[in-house]
Each structure stands twice: as C-alpha cells, then as structure tokens.
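Data block below; observations after.
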Amino acid sequence: MKRINKEVALVEYKATNKYRLVIFIPLILGILIDNVSFISKIYTEGYMFISILFIVFWFWAGKLFAEISENKRKGFFQGNKLWLLSFVIFKLLIYLSQNRISFMAFMTFFPERFSQYYVICMTPIVSKILKLSVVATGTGRVTAAYIFMFIVFSVGFSYGLYWREKKIRLIIITALLGMVCLPVISVLAPFANYGVREGGIFVKENSKQIKSYYSDYSRIGFEVYFNFILENGKVDWQITNPKGEVIFSGCETMKNIERVRGFSIKPPNMPGKYTLTITPYEAIGKFNVNWSDTPNPLM
Numbered sequence: 007m008k009r010i011n012k013e014v015a016l017v018e019y020k021a022t023n024k025y026r027l028v029i030f031i032p033l034i035l036g037i038l039i040d041n042v043s044f045i046s047k048i049y050t051e052g053y054m055f056i057s058i059l060f061i062v063f064w065f066w067a068g069k070l071f072a073e074i075s076e077n078k079r080k081g082f083f084q085g086n087k088l089w090l091l092s093f094v095i096f097k098l099l100i101y102l103s104q105n106r107i108s109f110m111a112f113m114t115f116f117p118e119r120f121s122q123y124y125v126i127c128m129t130p131i132v133s134k135i136l137k138l139s140v141v142a143t144g145t146g147r148v149t150a151a152y153i154f155m156f157i158v159f160s161v162g163f164s165y166g167l168y169w170r171e172k173k174i175r176l177i178i179i180t181a182l183l184g185m186v187c188l189p190v191i192s193v194l195a196p197f198a199n200y201g202v203r204e205g206g207i208f209v210k211e212n213s214k215q216i217k218s219y220y221s222d223y224s225r226i227g228f229e230v231y232f233n234f235i236l237e238n239g240k241v242d243w244q245i246t247n248p249k250g251e252v253i254f255s256g257c258e259t260m261k262n263i264e265r266v267r268g269f270s271i272k273p274p275n276m277p278g279k280y281t282l283t284i285t286p287y288e289a290i291g292k293f294n295v296n297w298s299d300t301p302n303p304l305m
C-alpha cells in the first residue's frame, strides 16, 4: 500500500513539475521571435493578435499555478520566479549603464536582450496603452510590459484560487487590479526614459528639410531606426550630435523598396540634443523614425 502511495505521489510530482515548465514559454517565444526569421515575419504581421493571445495564455498560467500548488504562496512565487529574474537583470543592466560600470563579464552570461525576450509578446498591447497618454519606446515600455505581465498572472492566479469558493472576493480583486492597471502603466515617468516615434510623407513639390530631435542626458546610449519607401526622387539624411557634428549620413534612391537604417550611439554618449535631418529631392513616398534608449527586439 505504501509503495502504491509513493508511486502515485511520484506521478503527481512529475506532472506538477511538467506544468511548471510553462514559465519558460515566454522566454522561448522571445528568443524564437528575435532570432528565427520566419517566426519574426509571422510576429511582425500579427503582433497585436499574438499579444492578445499571449495575455489569455498568461492568465491561464496564473490560474494553473493556483490550482496545482498545495502551498499557494510558494506556487505564486514559482510562477513568477523567471519573470522576477528577467526583470532584475533588465533593471541591473540599466543601473550599470547609467553609472558607467563595466558589465562585460555579466553580459557574457546574460546577453543584453535576454531581459527583454521575456516580455516581447506583451509589449505590443502595452505600447498601445501607453500611446493613450505618452509615446514610450524605451525603458518605460519594457518596465510597463513587466508590470502588466505581473498583473495578468496575478488576476489568473486569483481566479484559480477563489473562483469555486469565494466568487465575490474574486470579482473585487479583479476589479481592483483592473482599476490600478492602466494608471500604473501610463504613469511611468519615475521609471522611464521616453523615446520618440515620428513619421510623415514626401511630396514632390515640397523640398523642405525635415528634422527629428532626440534629447538624451542619461549617458546610457540610445538607438535610432528610420525607414524610407520612395516612389520617386531621392533623399539625403544625416545625424548630428549636440555640437552639430555629423556622426552618420547617407542617401536613399531605391524606388518601391523599403530601406531600413539603424544606428547605435554607445555610452558614454555626449549629453544634449541629437538631430536627424532629412532632405528630399523631388521625392514621393513616406518615412518613419524611432529613437529609443534600449535595444528593442523587433520593435
């Protein structure tokens, strides 16, 4: 009899541990999305739909951990331990960069984008929410994605914990979490260094210069991405530092082909205003510019 009980306990233990592998799925998805081309293409074409599906999945993950864990506090921690590790690494990288501390040895074990892989599927919906009040493309967006991910898991966990026994309590908890969700995400100034996202069109009759600005005083470095789709003409562009010195420049003439450019300004960068100047010559088409204070996988 004891032997049978031990075998049953062993089967239950293995099943429980199998379910706990669920917490690795966000990380695996992030790595695949950022490194496998055909998966990147699928994500790029349907990122908002994928983000909504992921929210449903992560809600279910929270519910699952509430149901399979005998010790509920331990179960909640187990479900969030990889989330917590990833978030701590993200904040540590920002801290090290801001204080100009060498972290090459640290980066050997944790690549710079590792800390963002975990929330790749959450960032599209969070970016949509943030655009209601501010345009955040850097640390603010990533921090918001982590907070939102935690809230979704917590709601799912509460659902699994209280649904059968205390429905009223569940409704109250869900309502309270919903009430604090948007304000917490949209008021992230203490955590965030905001980026700038802009766009526009080229008209053949208009040859005026177009300028995009980014003010940076963090000394942690930043990135700028811009793309052109031209139907006619050409476009010259250059990026200047706060002293007015040209640090990058180029010319685009390709027709009906999207050209994407990306540059990194590494720390310790010169504090002040950086300028992207675009000069069209009988150009017809459109452009987009994205300044960001963090390396953004696919975003």
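Quick note: the sequence shown, position 278, residue 284 per our numbering, numbers continuous.
A virtual CB, placed ideally from N, CA and C, is assigned to each residue, including glycine.
From a predicted model like this one, the values you see are computed outputs, not experimental measurements.
Let me know the secondary structure DSSP gives residue i once reduced to three states.
i      : result
PRO196 : Legend: pLDDT at PRO196 = 40, less than 50; position of this residue unreliable, no value from coordinates given.
GLU51  : helix
THR259 : coil
PHE82  : helix
GLU76  : coil
PHE115 : Residue confidence is low: PHE115 scores 46 on pLDDT, short of 50, so the model does not pin down where it sits. Its coordinate-derived value is still stated next. Helix, per DSSP.
VAL161 : helix
LEU59  : helix
LYS87  : helix
GLY250 : coil
VAL132 : helix
PHE208 : strand
VAL141 : A caution first: VAL141 carries a pLDDT of 46, below 50, which makes its placement in the model unreliable, though a value can still be read off. Coil.
SER298 : strand
SER213 : coil
MET276 : coil
LEU304 : Bear in mind that a pLDDT of 40 at LEU304, under 50, signals an unreliable position, so the number given afterwards is only what the model happens to contain. Coil, per DSSP.
SER108 : Residue placement at SER108 cannot be trusted, given a pLDDT of 48 that sits under 50; what the coordinates show is reported in the next sentence. In this structure, SER108 counts as coil in the three-state DSSP scheme.
VAL94  : helix
How far does the alpha helix (DSSP H) with residue i in it reach, from first residue to last?
i     : result
ILE4  : There is simply no residue 4 to check, as the chain begins at 7 and stops at 305 in what is shown.
ASN41 : 31-41
Return yes when the Cβ of residue j is within less than 8 Å of the Cβ of residue i, no when it is not.
i      : j      : result
SER298 : GLU237 : no
ASN41  : PHE159 : no
SER57  : MET128 : yes
PHE163 : ALA72  : yes
TYR219 : LYS279 : yes
LEU167 : LYS78  : yes
PRO277 : GLY239 : no
SER92  : GLN84  : no
ILE126 : LEU27  : no
PHE154 : SER121 : no
ILE235 : PHE269 : no
TYR123 : LEU59  : no
ASN233 : VAL266 : yes
So who's on the other strand from residue i, going by DSSP bridges?
i      : result
THR149 : For THR149, which the question treats as bridged, DSSP gives no partner whatsoever.
LEU282 : SER218, ILE245
THR291 : In the sequence as displayed, the identity of residue 291 is Gly instead of Thr. According to DSSP, which records beta bridges pairwise, GLY291 is partnered with PHE208, LEU236.
Which first and last residues belong to the beta strand (DSSP E) in which residue i is found?
i      : result
ILE229 : Ile is not the amino acid found at residue 229; the sequence shown has Glu there. First-last of the beta strand (DSSP E) with GLU229: 228-246.
VAL28  : Per DSSP, VAL28 belongs to no beta strand (DSSP E) and is neither H nor E.
GLY268 : 264-271
Counting beta carbon pairs with one atom in the stretch 247-259 and one in the stretch 206-213, are three or more of them shorter than 8 Å? no
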